[in-house]
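Novice: In UniProt numbering, the protein residues as written are 1 to 136. Submitted below is the structure of interest, expressed as structure tokens.
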């Protein structure tokens, strides 16, 4: 299970290091990166990716919602390989989508991890604190 919050910076050549605790959750050295929601990037180990992908096929392709979700999810998904130190390169299209700069936050989200622009993550947390403050 992917847990925790890690503030990181890109290493040389646009690479980022996946924290060791998260690497320990991955079998093999490949992850799938995908456009997430709220302007973040989702990252899945292959097993979790297959489970998530199968969920998309439960909605018929004849339904607009099914087509829309598949297009959103699969069109921007790409497998990437981790090197021996756990470094990987995030494709430029995903970096642009997530407005990622030099400083990022990688968070655990249970069955996947998320890569956020540091400032967008802080803003999102404040918004959620406001929502949960009103609910509790």
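Glycine included, every Cβ here is placed at the ideal spot set by N, Cα and C. Everything numeric in this text was worked out from a predicted model, so none of it was measured.
Quick one: grab the DSSP three-state call for residue 33.
Specialist: On the chain shown, residue 33 is found 33 positions in, with the first residue counted as 1. Looking at residue 33 - three-state DSSP - the assignment turns out to be strand.
Novice: Going by beta carbon distance, what residues of the same chain come within less than 7 Å of residue 15, once the five residues before and after it are set aside?
Specialist: Counting from one through the chain shown, the residue named residue 15 turns up at place 15. Same-chain partners within the cutoff: 87, 88 and 89.
Novice: When you compare the CB positions of residue 94 and residue 17, do they come within less than 7 Å of one another, or not?
Specialist: One-based indexing of the chain shown puts residue 94 at position 94. One-based indexing of the chain shown puts residue 17 at position 17. Against a cut-off of 7 Å, the Cβ pair of residue 17 and residue 94 comes out as no contact.
Novice: Quick check on the DSSP output: the beta strand (DSSP E) that includes residue 74 runs from which residue to which?
Specialist: Counting from one through the chain shown, the residue named residue 74 turns up at place 74. Segment 64 to 75 is the alpha helix (DSSP H) holding residue 74; no beta strand (DSSP E) there.
Novice: What is the rounded straight-line gap between the Cα of residue 77 and the Cα of residue 43?
Specialist: Translated into the one-based positions of the chain shown, residue 77 becomes position 77. Translated into the one-based positions of the chain shown, residue 43 becomes position 43. Between residue 77 and residue 43, the C-alpha separation is close to 9 Å.
Novice: Within the chosen definition, does the stretch 45 to 54 reach the stretch 121 to 131 through at least 3 CB pairs nearer than 8 Å?
Specialist: Too few Cβ pairs lie closer than 8 Å, so no.
Novice: May I ask you to verify whether the stretch 19 to 39 touches the stretch 57 to 68, counting CB pairs closer than 8 Å and requiring at least 3?
Specialist: Result no; under three Cβ-Cβ pairs closer than 8 Å.
Novice: Considering only residues of the same chain and omitting the five flanking positions on each side of residue 29, which have a CB-CB separation below 6 Å?
Specialist: As a first step, residue 29 must be located in the chain shown, where it is residue number 29. Here the set comprises 81 and 82.
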